[in-house]
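For reference, the structure is listed below as structure tokens.
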Amino acid sequence: MAVVVGIGTVKGAWFARSEDRRSWSISGPHQRGWEVTAFGRSPGGDYLLGTGSTWYGAAIHRSPDLEEWEQVVAGPAYEADGGRKLERIWSFATAGARIFAGVAEAGLFWSDDDAATWHPVDALNDHATRDRWQPGLGGLALHRIVVDPNDPERIWVAISAVGVFATADGGNTWELRNNGVEIAAPGDEDDIGYCVHCIVPDPANPDRMWRQEHRGLFRTTNGGVDWERIQEGIPGSGFGFPIVRDHHTGRLFVVPLESDEYRTPVDGNLAVYVSDDDGDHWVASARGLPTEPAYVGVLRGAMDGDGLPAAGVYFGTTGGEVYWSTDRGESWSRLPMTVPRIAAVKVLST
Amino acid sequence: MADVSVTIPTMLAALVKGERRFTVAGDDLGGVVDAVFTLHPELRVHLLDEQGAVRPHVMFFHNDTAVRSFAGAVSEGDTLTVLQAVSGG
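Listed below in structure tokens is the structure:
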């Protein structure tokens, strides 16, 4: 079966397909002119993508074949009298027949009818801390959703610049899970203001989770109750956006940037850093990446793995280049195209 | 009821099978806009925000007059044009 990788940019989506993960065919642009910020699959198997626009707001679209797309009319929406606006669709996650969407302004929505009609998770969207949530540079976004495959009542979400929340009862109650992480956006109280950029679990045991923060790299072994810093070997401050884990080998992948001020690779050396010991130590993996200065970043949703043997990893840059590796990140190749600024890279089928 | 010719931007037309121009009928401008959303429900979220207001960077022209509310009368053969505002450069 072909590997299909979705590439979402500020001006549309492209799809890269390969039967052998060596030669790729590329189609696009799809949803031309729209920001494509997220990809997913519905419980029934339809492809999903999230679009946004400075002019026209955000929506979910679905397709059975990546060719013909139709907009989901009853998509996520805030109440008319609430004052909140749906700005972007940032992520999808499934839990059996249920699918969740994380959005900006920060909120979580669910659907039990294969992504046709969507409903808010009120206990999170109206959390006791909600009035104090403030946006980071990238907006007030709920951008990551982790569901325990062994117990779908257990869910973690990441909201920048607020923090990680967890529920153990399917979303009826939510607790903050940020102990051990430094606050990035101080306020009058220290319960929120944690600028989490990305989280990734061990799917076999999501109590083990890794976290790319504004303030560095962290991991937890107890479901986010406690976090510890893990960035030996990482250049710069530990600032970065995506974090990916190859579930066969446990290898972790990040793309460090110099700092929150500069948001470019240290000295222009674009490199993926990998760890084979759960984040204790990190080393650069840059063979095949530009040898000339490359002052581009990689956004939080713009890196993904395919989970296949000889792990495939794919990432897109703010300069519109897509790099791929099918040897666990030992070497990298570039897709033969340059597209607009990339917000999302997602493996959609394998 | 008056038939009104509606034109929408290319990016939005792509959501409704490329139909950039179409005709709907209404008793007044509000009825025309409601008819647009009945014909193409995909468009509502892109033209109006959650509070029902015209999105800040979307322009509606009833014939040659810019409108941001839909209380006016319509006549047979009127036009309603939706434009993407150039605000912001």
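Which chain is which? The protein sequence lines are A and B, in order. With my numbering applied, the first sequence has no gaps in its numbers, which climb one by one up to 358 at the end. With my numbering applied, the second sequence has no gaps in its numbers, which climb one by one up to 86 at the end. Even glycine gets a Cβ: it sits at the ideal position worked out from N, Cα and C.
Residue i to residue j span [Cα, whole Å]
i	j	result
Gly58(A)	Pro72(A)	15 Å
Ala67(A)	Thr78(B)	22 Å
Ala40(B)	Ala109(A)	Checking the displayed sequence, the identity of residue 40(B) turns out to be Leu instead of Ala. Straight-line Cα distance between these residues: approximately 21 Å.
Ser357(A)	Val321(A)	13 Å
Asp120(A)	Pro250(A)	29 Å
Val1(B)	Asp215(A)	59 Å
Ala112(A)	Phe47(A)	15 Å
Pro209(A)	Ala292(A)	22 Å
Ile238(A)	Ser168(A)	20 Å
Tyr303(A)	Leu145(A)	19 Å
Phe67(B)	Leu26(B)	5 Å
Ser33(A)	Arg138(A)	45 Å
Pro157(A)	Ala212(A)	8 Å
Val129(A)	Arg219(A)	23 Å
Gln48(B)	Asp177(A)	32 Å
Ala351(A)	Val64(B)	35 Å
Glu43(A)	Gly20(A)	6 Å
Ser283(A)	His54(B)	46 Å
Gly86(B)	Met56(B)	In this predicted model, Gly86(B) has a pLDDT of only 49, less than 50, meaning its place in the structure is not dependable enough to derive any value.
Arg259(A)	Gly91(A)	43 Å
Asp46(B)	Gly276(A)	41 Å
Ala82(A)	Asp89(A)	18 Å
Limits of the unbroken beta strand (DSSP E) element including residue i
i	result
Gly178(A)	Taken as a continuous stretch (DSSP letters only), Gly178(A) belongs to no beta strand (DSSP E), as it is neither H nor E.
Asp312(A)	Met311 to Gly313
Ala149(A)	Ala149 to Val155
Cys361(A)	Absent from the structure is residue 361(A), since the part of chain A shown begins at 9 and ends at 358.
Lys354(A)	Ile350 to Ser357
Arg227(A)	Gly224 to Thr228
Gln220(A)	Met217 to Glu221
Leu57(A)	Tyr55 to Gly60
Trp32(A)	Element bounds for Trp32(A): n/a, residue is neither H nor E.
Interface residues of chain A facing residue i [CB-CB closer than 8 Å]
i	result
Val55(B)	Trp63 and Tyr64
Leu9(B)	Tyr64
Asp46(B)	Gly65 and Lys93
Three-state class that DSSP yields for residue i in the structure shown
i	result
Glu95(A)	coil
Glu39(B)	helix
Thr7(B)	helix
Arg140(A)	helix
Leu316(A)	coil
Leu297(A)	coil
Leu132(A)	helix
Gly276(A)	helix
Gly16(A)	strand
Leu116(A)	strand
Ala88(A)	coil
Ala169(A)	coil
Phe34(B)	helix
Gly74(B)	coil
Leu265(A)	coil
Gly28(B)	helix
Start-to-end residues for the alpha helix (DSSP H) that takes in residue i
i	result
Met(-2)(B)	Looking at the DSSP string, Met(-2)(B) is not in any alpha helix (DSSP H), and its letter there is neither H nor E.
Cross-chain neighbours of residue i in chain A, by beta carbon under 7 Å
i	result
Arg17(B)	Those do not exist, as Arg17(B) stays about 14 Å from chain A at its closest Cβ, beyond 7 Å.
Glu39(B)	Gln79 and Val81
Met(-2)(B)	Chain A residues near Met(-2)(B): none, gap ~25 Å exceeds 7 Å.
Gly49(B)	Ala88
Arg65(B)	Those do not exist, as Arg65(B) stays about 15 Å from chain A at its closest Cβ, beyond 7 Å.
Test item: CB-CB of residue i and residue j under 9 Å
i	j	result
His43(B)	Glu16(B)	no
Phe247(A)	Met311(A)	no
Val353(A)	Gly328(A)	no
Val204(A)	Arg152(A)	yes
Arg29(A)	Asp314(A)	yes
Thr125(A)	Pro51(A)	no
Met345(A)	Val355(A)	no
Pro273(A)	Gly305(A)	yes
Val29(B)	Phe19(B)	no
Asp196(A)	Arg140(A)	yes
Ile200(A)	Gly231(A)	no
Thr45(A)	Gly65(A)	no
Gln39(A)	Ala11(B)	yes
Thr175(A)	Leu132(A)	yes
Ala(-1)(B)	Asp31(B)	no
Asp159(A)	Asp54(A)	no
Pro264(A)	Gly244(A)	yes
Gly41(A)	Thr7(B)	yes
9 Å Cβ cut-off: residues of chain A touching residue i
i	result
Val113(B)	Coverage of chain B is limited to positions -2 through 86, which leaves residue 113(B) absent and any answer about it impossible.
Asp31(B)	The premise fails here: Asp31(B) is roughly 15 Å from chain A at the closest Cβ pair, so nothing lies under 9 Å.
Neighbouring residues, chain B, relative to residue i (Cβ below 7 Å)
i	result
Lys19(A)	Result: empty, since nearest Cβ-Cβ is about 11 Å, beyond 7 Å.
Contact set between residue i and chain B, taken where Cβ atoms lie within less than 9 Å
i	result
Ala67(A)	Leu12, Glu39, Val42 and His43
8 Å Cβ cut-off: residues of chain B touching residue i
i	result
Ala85(A)	Val42 and Glu47
Arg42(A)	First, the residue type needs correcting, since residue 42(A) is Trp and not Arg in the sequence shown. Under the 8 Å cutoff, chain B gives Met8.
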